[in-house]
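Enquirer:
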Amino acid sequence: MGGATPMEALSRFAVDTPLVLWLLPLALLPFRASAQRVVPVAALDAGPADPLSRAIGWALRIAGSLALAGLIVGIAGPYRRGETVTRTGIGAQVSILVDRSGSMNETFAGRQPSGAEESKAAASRRLLGDFVGSRAHDQFAVTAFSTAPMLVVPMTDRHEAVRAAIRAIDRPGLDYTNVARGLAMSLSQFGAQGGTVSRALLIVSDGAAVIDPRVQGTLRAEFAKIRPNLYWLFLRTKGSPSIADKPAGEDTPQAAPERHLDLFFKSLGTPYRAFEAEGPEAVAAAIRQIEALERDPIPYTEQRPRRDLSWVAFGVALLGLLVLVAGKLAEADVRRGRRGIPQAAEAPSERIAA
Amino acid sequence: MREHLARNLRDGRFQALAGAAFLVVLALVLPAVPLTRTGVSVLAVVDITGSMNVRDYASADGKPASRLDTARGALRDLVTALPCGSQVALGLFTERRPFLLFTPIEVCADFAPLDGALAALDWRMAWEGDSRISAGLFRAAEMAASLDTDLLFVTDGQEAPPLPSTGGPRFEGKPGAVRGLIVGAGAYALSPIPRYNDRGREIGFYGSGDVQQENRFGPPPADAESREGYNPRNAPFGGVAATGNEHLSSVREPYLKTLAGETGLAYVHLEGPGGLAAPLRAAATPRPLPGRLDLRPVLGGAALALALAAFLFPMVRALPSGRARALTLKKA
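Protein chains in written order, with the numbering used here: chain F, 296 to 649; chain A, 572 to 903.
1) When we look at the beta-carbon of asparagine 579(A) and count the other beta-carbons within 10 Å, is it buried (16 or more) or exposed?
2) In three-state DSSP terms, what is threonine 654(F)?
3) Which residues, in chain order, does the segment 591 to 615 of chain A contribute to contact with chain F at a C-beta distance below 7 Å?
4) Give me the Cα-Cα distance between threonine 641(A) and alanine 758(A), rounded to the nearest whole angstrom.
5) Given a cut-off of 8 Å, decide if aspartate 433(F) and glycine 386(F) are closer than it, judged by their beta-carbon atoms.
6) Residue range of the alpha helix (DSSP H) that proline 861(A) falls in?
7) In this structure, how does DSSP classify threonine 312(F) when only helix, strand and coil are distinguished?
8) Skipping 5 residues on each side, what residues in its chain have a beta carbon closer than 6 Å to that of aspartate 582(A)?
9) For aspartate 507(F), which residues in chain A fall below 8 Å Cβ to Cβ?
10) Is the beta carbon of leucine 708(A) within less than 7 Å of some heavy atom of the ligand NAP?
11) Over the uninterrupted beta strand (DSSP E) stretch that includes proline 733(A), give me the two end residues.
12) If I measure Cβ to Cβ from phenylalanine 326(F) and keep anything under 6 Å in the same chain, skipping five residues before and after, which residues do I get?
13) Roughly how many angstroms separate the alpha carbons of glutamate 553(F) and alanine 503(F), rounded to a whole number?
14) So, is serine 637(A) buried or exposed, given that buried needs 16 or more other C-beta atoms within 10 angstroms?
15) Could you give the residue range of the alpha helix (DSSP H) that holds aspartate 491(F)?
16) Just curious, the alpha helix (DSSP H) that histidine 555(F) is in, first and last residue?
17) State buried or exposed for methionine 714(A), treating a residue as buried only when at least 16 other CB atoms are found within 10 Å of its CB.
18) Could you tell me the distance, in whole angstroms, from the CA atom of leucine 422(F) to the CA atom of arginine 695(A)?
19) What residues in its chain sit with their C-beta under 7 Å from that of tyrosine 245(F), if we drop five residues either side in the sequence?
20) Keeping to the same chain, check which residues put their C-beta closer than 7 Å to that of threonine 674(A); ignore five residues upstream and five downstream.
21) Using 8 Å for Cβ pairs, my map puts alanine 496(F) next to leucine 482(F). What's the rounded Cβ distance?
22) Rounded to whole angstroms, what's the CA-CA distance from leucine 761(A) to valine 310(F)? Just pull it up for me.
23) Strictly below 7 Å CB to CB, what residues from chain A border proline 449(F)?
24) Where does glycine 834(A) sit, in a helix, a strand or coil, going by DSSP?
25) Tell me the DSSP bridge mates of aspartate 465(F)?
26) The beta strand (DSSP E) that contains tryptophan 527(F), what's its start and end?
27) How big is the Cα-Cα spacing for valine 437(F) and methionine 450(F)?
28) Spatial neighbours of serine 622(A) within its chain, please: C-beta separation below 6 Å, excluding the five flanking residues on both sides.
29) By the 10 Å Cβ neighbour count, where 16 or more other Cβ atoms means buried, how is isoleucine 704(A) classified, buried or exposed?
30) Quick one: grab the DSSP three-state call for glutamate 785(A).
31) Pick from Asn805(A), Arg772(A), Phe709(A): whose alpha carbon is nearest that of glycine 744(A)?
32) Classify glutamine 984(A) as helix, strand or coil using the three-state DSSP reduction.
33) Taking the runs of the beta strand (DSSP E) that are 3 residues or longer, which of them lie wholly in the segment 304 to 363 of chain F?
34) Check distances from the C-beta atoms of the segment 355 to 384 of chain F to those of chain A and list, in chain order, the residues that come in under 9 Å.
35) When the cut-off is 8 Å and only beta carbons count, does glycine 728(A) lie next to chain F?
36) Residues of chain F with CB closer than 7 Å to the CB of glycine 871(A), please, in chain order.
In structure tokens:
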């Protein structure tokens with residue numbers, strides 16, 4: 296604000312209905328016509344020059360002009376534009392990648408939820424919903440994936456919209472877990488700008504899948520470019536293999552996709568943590584940890600609302616009108632009434648204003 | 572003194588100016604009047620199946636535009652046209668069910684993410700290739716009911732695979748319980764459907780042999796006996812391969828109108844990337860939104876009229892009298 300040039304300061308003023316401003320020439324009307332009564336005087340030159348009368352006459356003209364101009368501008372609805380201010384707060388850009396495969400609708404015990412039981416999707420909905428908006432300056436993007444990746448909400452600081460996306464994640468899911476394309480899309484959510492911003496990629500899934508070796512190279516390059524902090528919130532179903540478990544037989548990606556996805560993430564060279572959660576409490580603990588880890592300065596924009604200026608215009612109009620009303624009240628007619636002389640002395644204005 | 576004052580108070584121009592000043596005072600002190608406006612709360616479900624890639628619309632610069640592009644443009648236009656406080660949820664449709672991307676989002680405060688999500692709608696989000704419109708529509712109606720919103724279902728109406736001769740599934744809900752609009756996307760003439768490979772690149776169009784032309788599940792149709800090579804046991808659908816136009820696509824308006832009648836929704840054809848706001852507001856449940864009516868322009872306008880009258884009155888009155896004086900001068 297301080298460094299703004301006068302032109303910039305001026306450009307921040309605007310009106311709602313600019314067409315009304317075409318009436319503004321009407322504000323010159325008081326210089327042409329008067330609201331005062333016309334009093335015929337035989338010869339104006341007969342009277343002495345009266346500076347006071349002249350001044351009152353001009354005051355009435357200017358007041359009339361101000362009154363009309365103020366009303367016209369007031370009707371047009373003047374305001375000062377809102378502005379966006381960039382500041383620095385504490386937070387991070389978080390791209391959330393949510394698994395929407397069908398198994399997310401089961402409980403941590405791998406059953407259909409019944410009674411008070413909570414499905415994995417419902418638990419992550421509840422806990423992620425608390426996470427979003429717990430800090431004012433975080434930015435979030437939501438991507439869903441099953442067979443295909445779906446961009447749900449682009450990177451935004453509108454937390455209500457992000458929560459609306461989180462609220463949808465315990466709806467019935469789709470078929471499969473195809474994590475590779477989901478990862479690519481959630482990485483693309485970070486956009487190109489901002490090298491200093493803390494970026495976090497949070498994957499919420501209950502399973503893993505084989506990442507095609509051909510895609511692995513592309514993903515590696517993307518991770519190296521964006522360098523997000525990677526968090527994998529693995530919602531493990533009881534009895535299913537853990538990230539660390541080595542399969543009894545052959546150790547291939549097909550036999551133990553979770554373990555190999557973990558190995559792939561570790562090999563990326565970006566900061567990476569996996570949280571294995573076997574219940575809602577563990578999910579909550581993991582989210583608290585992520586929150587504590589992502590504490591870096593982030594530039595955020597603050598929207599200053601526009602300020603209404605109608606009252607200024609109407610105030611000016613009111614001042615002008617009050618002067619005009621006073622002028623009308625002080626009118627006296629020289630010819631009328633027997634007490635002509637004191638009136639003329641009292642109200643010398645009308646001769647000039649007439 | 573009093574005499575003069577009384578005369579001044581009776582003066583029409585004084586009264587006009589005083590009235591104008593009074594109206595301006597009112598404009599300065601009166602708060603905006605609260606009133607209710609009508610908004611909508613709607614779940615938009617967009618068909619993203621293959622036939623929505625048909626390019627049978629023209630974009631603003633005259634280039635062909637796909638049905639999905641046009642529908643996306645129409646939805647973005649709709650979001651800007653709805654009054655603040657209205658809410659829009661978004662879902663995708665392919666296979667036989669809608670998939671909810673997000674629950675309702677307010678269209679003004681959260682415009683940027685909503686617009687971004689609409690702009691990102693893509694056929695590549697589809698998880699399966701089937702397009703069972705009626706099943707998807709019925710489940711979308713259930714979804715809208717669970718979200719307590721109206722429904723806006725954008726589709727071209729092409730069932731893939733084609734419906735069996737016995738017809739599609741029946742609507743089990745209460746017709747009219749969910750209000751809203753079916754939007755038919757596509758031109759009325761048949762157009763070829765673009766085909767994509769598994770990396771998402773376009774590789775031509777579907778040919779007549781690439782798609783199922785007739786649904787041969789369930790009992791055969793009534794006219795099967797008259798078909799060539801018909802055999803009740805070995806060839807109940809006739810002896811020759813089915814032919815048809817299922818590899819080409821146009822908007823299936825009669826079918827969509829039937830579905831609209833069955834579910835109690837209204838039907839409208841998508842004419843271009845816009846124009847959905849009026850039919851939606853006509854079909855949707857009106858939802859009261861808190862609004863405010865600013866009285867200041869009205870009061871200010873009345874004050875301006877009074878003040879102008881005070882200044883113009885002597886000029887108007889002067890006109891005929893001036894002419895009269897001119898006449899007397901001539902006579903003299």
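Beta carbons are placed, not taken as given, at the ideal position from N, Cα and C, and that holds for glycine.
Expert: Quick look at the numbers:
1) The sequence position of residue 579(A) within the second sequence is 8, counting from 1. That one is buried.
2) The question about residue 654(F) has no answer, for chain F in this structure spans 296 to 649.
3) Those would be Ala591, Ala592, Val595, Val596, Ala598, Leu599, in chain order.
4) Numbered from 1 along the second sequence, position 70 holds the residue referred to as residue 641(A). Numbered from 1 along the second sequence, position 187 holds the residue referred to as residue 758(A). Going by the C-alpha atoms only, they are around 12 Å apart.
5) Start at 1 with the first residue of the first sequence, and residue 386(F) comes out as number 91. Start at 1 with the first residue of the first sequence, and residue 433(F) comes out as number 138. Going by C-beta atoms, glycine 386(F) is nearer than 8 Å to aspartate 433(F).
6) Against the second sequence, residue 861(A) aligns to sequence position 290. If you look at proline 861(A), you'll find it isn't in any alpha helix (DSSP H); it sits in the beta strand (DSSP E) that goes 858 to 864.
7) Position 17 of the first sequence, counting from 1, holds the residue named residue 312(F). Looking at threonine 312(F) - three-state DSSP - the assignment turns out to be coil, as it is neither helix nor strand.
8) Sequence index remark: in the second sequence, residue 582(A) carries index 11 (1-based). Excluding sequence neighbours, aspartate 582(A) sits near nothing in its chain.
9) Counting from 1 along the first sequence, the entry for residue 507(F) is found at position 212. Simply none; closest approach about 11 Å.
10) By its list of ligands, the structure shown contains no ligand whatsoever, and the ligand NAP lies outside what it can speak to.
11) Mapped onto the second sequence, residue 733(A) falls at position 162. Taken as a continuous stretch (DSSP letters only), proline 733(A) belongs to no beta strand (DSSP E), as it is neither H nor E.
12) Residue mapping note: residue 326(F) aligns to position 31 of the first sequence, counting from 1. If we look at phenylalanine 326(F) and ignore the five residues flanking it on each side, its Cβ neighbours are Arg356.
13) Locating residue 553(F) in the first sequence gives position 258, where the first residue counts as 1. Locating residue 503(F) in the first sequence gives position 208, where the first residue counts as 1. Rounded to whole angstroms, the separation of the alpha carbons of alanine 503(F) and glutamate 553(F) is 5 Å.
14) Within the second sequence, the letter at position 66 stands for residue 637(A). Counting of Cβ neighbours within 10 angstroms places serine 637(A) among the buried residues, the total reaching 16 or more.
15) Walking along the first sequence from the start, residue 491(F) turns up at place 196. Here the sequence assigns threonine to residue 491(F), which means aspartate is not the residue at that position. Unbroken run through threonine 491(F): none, as it is neither H nor E.
16) Mapped onto the first sequence, residue 555(F) falls at position 260. Unbroken alpha helix (DSSP H) run through histidine 555(F): 552 to 561.
17) For this step, residue 714(A) is matched to residue 143 along the second sequence. By the 10 Å Cβ count, methionine 714(A) comes out buried.
18) Taking the first sequence and counting its residues from 1, one reaches residue 422(F) at position 127. Taking the second sequence and counting its residues from 1, one reaches residue 695(A) at position 124. Computed Cα separation, rounded: 30 Å.
19) Because chain F in this structure spans residues 296 to 649, residue 245(F) falls outside the shown range and cannot be described.
20) Taking the second sequence and counting its residues from 1, one reaches residue 674(A) at position 103. Residues Ala660, Leu718 of the same chain have their beta carbon placed closer than 7 Å to that of threonine 674(A), with the five preceding and five following residues left out of the count.
21) The residue given as residue 496(F) occupies position 201 in the first sequence. The residue given as residue 482(F) occupies position 187 in the first sequence. The sequence shown places leucine at residue 496(F), not alanine. The pair is a contact, with the Cβ atoms about 7 Å apart (cut-off 8 Å).
22) Along the second sequence, one-based indexing puts residue 761(A) at 190. Along the first sequence, one-based indexing puts residue 310(F) at 15. Computed Cα separation, rounded: 50 Å.
23) The residue given as residue 449(F) occupies position 154 in the first sequence. Result: Pro684, Gly687, Ala688, Ala691.
24) Residue 834(A) sits at position 263 when you count from the first residue of the second sequence. For the record, residue 834(A) in the displayed sequence is threonine; it is not glycine. The answer is helix: DSSP assigns threonine 834(A) an H, G or I state.
25) Position 170 of the first sequence, counted from the start, is the residue given in the question as residue 465(F). Answer by DSSP bridge pairing: none, since aspartate 465(F) is not bridged.
26) Looking up residue 527(F) in the first sequence gives position 232. Unbroken beta strand (DSSP E) run through tryptophan 527(F): 524 to 530.
27) The residue labelled residue 437(F) in the question sits at position 142 within the first sequence. The residue labelled residue 450(F) in the question sits at position 155 within the first sequence. For valine 437(F) and methionine 450(F), the gap between their C-alpha atoms comes out near 8 Å.
28) Walking along the second sequence from the start, residue 622(A) turns up at place 51. Closer than 6 Å at the Cβ level, and outside the excluded window around serine 622(A), lie Asp727, Gln729, Ile764, Ser820.
29) The count along the second sequence starts at 1 and reaches residue 704(A) at position 133. Label assigned to isoleucine 704(A): buried.
30) Residue mapping note: residue 785(A) aligns to position 214 of the second sequence, counting from 1. Shown here, glutamate 785(A) sits in coil according to DSSP, grouped into three states, outside any helix or strand.
31) The residue given as residue 744(A) occupies position 173 in the second sequence. Relative to glycine 744(A), the option among Asn805(A), Arg772(A), Phe709(A) whose CA is nearest is Phe709(A).
32) The requested residue 984(A) is not part of the displayed model; chain A covers only 572 to 903.
33) Fully enclosed beta strand (DSSP E) runs of 3 or longer: 308 to 310.
34) Per Cβ criterion, the list reads Gly359, Ala362, Leu363, Gly365, Leu366, Ile367, Gly369, Ile370, Ala371, Gly372.
35) Here the question's residue 728(A) lines up with position 157 in the second sequence. Output row for glycine 728(A): interface = no.
36) The count along the second sequence starts at 1 and reaches residue 871(A) at position 300. The CB of glycine 871(A) comes closer than 7 Å to the CB of Leu366, Gly369, Ile370, Phe609 in chain F, given here in chain order.
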